[in-house]
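Those sequence lines, one after another, are chains A and B. Just so we're aligned, residue 1 is where the first sequence starts under full-length UniProt numbering, counting upward by one. Just so we're aligned, residue 1 is where the second sequence starts under full-length UniProt numbering, counting upward by one. Below is one structure, written out as structure tokens; the observations come after it.
2 protein chains.
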Amino acid sequence: MINQYIQEKQNEINPLIKDECQSLNLPERLKQPLIYAVEAGGKRLRPILMMASFEAFQPKSTDKIIHPALALEMIHTYSLIHDDLPAMDDDDFRRGRYTIHKAYDDATAILIGDGLLTYAFQVVSRSNQLEAEEKIYVLQQLSQASGLEGMIAGQFLDLQSENQNLQEEELNNIHQLKTGQLIRVAIKIGAYLGGATPPQIEALDEFGRYLGLVFQIQDDILDVKGNKDDIGKPVGSDEEKNKSTYPKVLGLNQTNEIKKHYMQQAKKKYDDARINQPRLLELLQIFGERTS
Amino acid sequence: MINQYIQEKQNEINPLIKDECQSLNLPERLKQPLIYAVEAGGKRLRPILMMASFEAFQPKSTDKIIHPALALEMIHTYSLIHDDLPAMDDDDFRRGRYTIHKAYDDATAILIGDGLLTYAFQVVSRSNQLEAEEKIYVLQQLSQASGLEGMIAGQFLDLQSENQNLQEEELNNIHQLKTGQLIRVAIKIGAYLGGATPPQIEALDEFGRYLGLVFQIQDDILDVKGNKDDIGKPVGSDEEKNKSTYPKVLGLNQTNEIKKHYMQQAKKKYDDARINQPRLLELLQIFGERTS
Chain A
1 MINQYIQEKQ NEINPLIKDE CQSLNLPERL KQPLIYAVEA GGKRLRPILM
51 MASFEAFQPK STDKIIHPAL ALEMIHTYSL IHDDLPAMDD DDFRRGRYTI
101 HKAYDDATAI LIGDGLLTYA FQVVSRSNQL EAEEKIYVLQ QLSQASGLEG
151 MIAGQFLDLQ SENQNLQEEE LNNIHQLKTG QLIRVAIKIG AYLGGATPPQ
201 IEALDEFGRY LGLVFQIQDD ILDVKGNKDD IGKPVGSDEE KNKSTYPKVL
251 GLNQTNEIKK HYMQQAKKKY DDARINQPRL LELLQIFGER TS
Chain B
1 MINQYIQEKQ NEINPLIKDE CQSLNLPERL KQPLIYAVEA GGKRLRPILM
51 MASFEAFQPK STDKIIHPAL ALEMIHTYSL IHDDLPAMDD DDFRRGRYTI
101 HKAYDDATAI LIGDGLLTYA FQVVSRSNQL EAEEKIYVLQ QLSQASGLEG
151 MIAGQFLDLQ SENQNLQEEE LNNIHQLKTG QLIRVAIKIG AYLGGATPPQ
201 IEALDEFGRY LGLVFQIQDD ILDVKGNKDD IGKPVGSDEE KNKSTYPKVL
251 GLNQTNEIKK HYMQQAKKKY DDARINQPRL LELLQIFGER TS
């Protein structure tokens with residue numbers, strides 16, 4: 001049931017994000033890697049969360065959430081492209097395919113990343129589905145979450161943490177910035193545009209915070225236990241780079257315990273929001289137990 | 001007189017852009033290179049043009065133009081940081097100092113660039129000086145001009161043009177995208193926020209287009225004839241990278257003729273806008289004849 005929902009949303013998002021990029025008037029040699037980048041697929045977790053959060057309040061129409069959802073996925077995609085660069089995490093594969101700088105070159109990867117980031121803000125600012133005030137809210141939230149105090153600080157601290165022995169608290173901080181901010185803002189923007197009350201937004205924001213942690217912990221677990229074909233990149237790549245991960249800091253058993261604890265906390269916050277619709281909870285469940 | 005104006009505006013912009021960055025809550029090792037990047041100074045041409053364009057219609061208060069002007073300079077600064085990377089133009093010096101990736105490292109330069117770009121949109125979207133509709137206009141214009149169809153395509157084509165023999169038309173196209181778009185949008189946003197009529201905005205937009213070309217042509221001339229201490233980077237660096245420049249394509253004499261022609265065209269467009277204030281014209285004059 002929830003898997004079908006995810007599939008439906010992916011089928012909705014994939015052509016739309018490609019169309020947005022196809023519509024650009026670009027030199028062919030620039031458009032090609034752009035399309036390659038947005039076709040890479042992936043789970044589309046962030047836009048799906050945003051849409052599910054919106055639909056918890058507005059089950060009938062999703063028009064209003066489309067542009068923010070596409071923008072968020074563009075920001076996520078840009079961040080992966082830049083993170084994969086040799087100067088950063090230096091990853092050659094993602095989702096079973098060459099990363100952009102391997103398929104093209106570093107300059108192209110830098111520019112496509114810059115372009116997707118800029119385009120995200122453009123897509124929201126010119127949307128014909130949102131009022132000016134709504135656009136401003138979305139742009140403020142997106143730029144804050146993905147900016148220097150958010151995702152970028154997270155990636156910076158993560159790079160600095162290679163070969164360091166971190167404690168759980170520092171690890172939590174890095175992940176709340178690096179992956180948590182975009183997941184959290186997905187839920188928050190969805191709820192806001194859907195018309196949630198301020199207390200509901202607050203509760204869901206906390207739900208999103210725990211969901212982000214659960215997602216990252218599962219990522220770390222998969223890097224230890226996963227299967228290359230499932231996760232699309234070599235297993236053990238965190239280990240190889242000597243990155244601090246939850247299993248390394250806490251051991252696998254305690255990592256699983258903590259994940260369970262955060263899932264329970266998330267559920268509590270979700271109950272606080274008093275929504276008669278379990279979809280976000282089902283998403284929490286499935287992303288906390290995914291195998292890829 | 002106009003030099004004093006430029007100096008005054010620089011003295012206004014420099015502390016403000018630094019303050020915006022200082023106010024961020026960042027790890028020290030991330031804040032340091034950020035401040036280094038925005039303190040690099042430079043002419044602040046783009047925000048000055050935006051402010052002068054605004055003041056042509058609103059001579060009394062400049063509050064409304066400050067955040068868009070700072071955002072534009074942040075976007076310009078990010079573009080220089082990324083362009084200077086080894087994977088791109090590979091420049092070690094700018095404005096007489098080490099470029100960010102030389103002073104720090106490539107990862108830091110990529111992240112600081114990403115951060116300044118994102119912050120530009122944040123600074124406008126949260127501005128307390130602008131109405132929601134004004135913010136949206138500014139964000140649309142900035143993201144369009146600096147995006148894939150604008151500045152990024154220009155940088156991409158410029159990189160591809162190394163070792164190519166371009167014709168004047170292709171060279172114009174690259175420069176109108178790479179440097180022209182931001183100069184043009186400076187003028188346009190200034191006029192719009194100042195309350196210019198649509199025909200005035202249109203005429204000034206064309207003025208901005210010619211001004212951008214004049215600026216780039218003078219840049220190329222300085223790369224041939226300039227003095228390292230004046231321009232802050234080695235003379236002849238375009239030649240060394242085998243880049244097409246106006247002097248190379250057209251010879252120095254004809255390059256000077258074309259510059260003169262574009263300056264005349266710019267002046268015509270300025271006259272069409274019917275503004276009782278010569279400051280933008282004086283800026284055209286001085287930037288077209290600058291020695292650094």
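Ideal placement from N, C-alpha and C gives every residue a C-beta, glycine not left out.
Classify residue i as helix, strand or coil using the three-state DSSP reduction.
i: F54(B); result: helix
i: Q32(B); result: helix
i: S127(B); result: coil
i: S146(B); result: helix
i: R46(B); result: helix
i: P199(B); result: helix
i: P278(A); result: coil
i: A40(B); result: coil
i: K241(B); result: coil
i: M263(B); result: helix
i: P68(B); result: helix
i: T108(B); result: helix
i: P15(B); result: helix
i: K225(B); result: helix
i: T291(A); result: coil
i: N3(A); result: helix
i: P27(A); result: coil
i: K268(A); result: helix
i: P59(A); result: coil
i: G251(A); result: coil
Distance check for residue j and residue i, CA to CA, integer angstroms please.
i: Q144(A); j: K260(B); result: 45 Å
i: Q218(B); j: K225(A); result: 59 Å
i: Y5(A); j: M51(A); result: 11 Å
i: E39(B); j: G115(B); result: 15 Å
i: I201(B); j: V185(B); result: 11 Å
i: L213(A); j: K268(A); result: 15 Å
i: S125(B); j: A132(B); result: 8 Å
i: V249(B); j: P68(A); result: 45 Å
i: Q277(B); j: P59(B); result: 10 Å
i: T255(B); j: A153(B); result: 24 Å
i: Y192(B); j: N163(A); result: 52 Å
i: F57(B); j: L280(B); result: 12 Å
i: D92(B); j: I112(A); result: 23 Å
i: A87(A); j: L117(A); result: 19 Å
i: I66(A); j: R44(A); result: 13 Å
i: L148(B); j: D272(A); result: 43 Å
i: L283(B); j: D220(A); result: 56 Å
i: V73(A); j: S23(A); result: Going by the sequence as given, residue 73(A) is Glu instead of Val. Each residue's Cα considered, the two are about 17 Å apart.
Is any beta-carbon of chain A found at less than 8 Å from that of residue i?
i: Y119(B); result: yes
i: L111(B); result: yes
i: P27(B); result: yes
i: M32(B); result: In the sequence under discussion, the amino acid at residue 32(B) is Gln, which differs from the Met named in the question. No, its Cβ sits nowhere closer than 8 Å to a Cβ of chain A.
i: D220(B); result: no
i: D114(B); result: yes
Measuring only between beta-carbons, confirm whether residue i sits less than 8 Å from chain B.
i: I152(A); result: yes
i: M88(A); result: yes
i: D106(A); result: yes
i: D19(A); result: no
i: L24(A); result: yes
Between residue i and the ligand GDP, is the CB less than 7 Å from at least one heavy atom?
i: A120(A); result: With respect to the ligand GDP, the structure shown offers nothing to examine, as it has no ligands at all.
> Curious, which full-length alpha helix (DSSP H) runs of at least 4 residues does the segment 70-105 of chain B contain?
Replying inline: With a minimum length of 4 residues, the continuous alpha helix (DSSP H) runs that stay inside the segment 70-105 of chain B are 100-103.
>> Using a Cβ-Cβ cutoff of 7 Å, what residues of the segment 116-143 of chain B are near chain A? List them in chain order.
In response: L117, T118, Y119, F121, Q122, S125, R126, A132, E133, K135, I136, L139, Q140, S143
>> Taking beta-carbon pairs under 8 Å, can you tell me which members of the segment 145-177 of chain A lie near chain B?
In response: S146, G147, L148, E149, I152, A153, Q155, F156, L157, L159, Q160
>> Extract the residue ranges of the alpha helix (DSSP H) inside the segment 137-184 of chain A, only unbroken runs of 4 or more that lie entirely within it.
In response: DSSP assignment within the segment 137-184 of chain A yields the following whole alpha helix (DSSP H) runs of 4 residues or more, N-terminal first: 153-160, 168-175.
> Relative to chain B, which residues along the segment 62-87 of chain A have a C-beta separation below 9 Å, given in chain order?
Replying inline: Within the segment 62-87 of chain A, the residues whose Cβ lies closer than 9 Å to some Cβ of chain B are I75, Y78, S79, H82, L85, P86, A87, listed in chain order.
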